[in-house]
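Okay, structure first, notes after.
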Amino acid sequence: MLVLLILPAVISCCSLAISFITIIHVRRLKSVTEAITSSTHWLARTANRIGLGISAQKALMEYARKKNLLKLIPNTGTKISNLSVPQPRNSDEQL
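According to our numbering, the stretch in the sequence shown is residues 783 to 877, in order.
Structure follows, in structure tokens:
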């Protein structure tokens, strides 16, 4: 009789612990992905603003791709490889 009362309580406690740990990991992952998105955005924006050439922009994007934090995001293999490099601005058009 005692087993019928204790075993479900133990299983419930284990389920709550797993749920709590999952919530903590999801919150951490969210902050990491926001930081990565912000960093990548600012790298591309900086390259575009200062008028770097195509090779320098590609180097910046490769650097952003190879950061160790990018490996923490699940299912980004296809998304990261398809990042488009913005075209450089022609300085003659601005004159």
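Glycine is no exception: its CB is placed at the ideal position from the N, C-alpha and C atoms. No experiment lies behind these values; they were computed from the predicted model shown.
In the structure shown, K848 adopts coil according to DSSP, grouped into three states.
Cα atoms of T828 and K848: separation of roughly 18 angstroms, rounded to the nearest angstrom. Here T819 is exposed: its Cβ has fewer than 16 other Cβ atoms, across all protein chains shown, within 10 Å.
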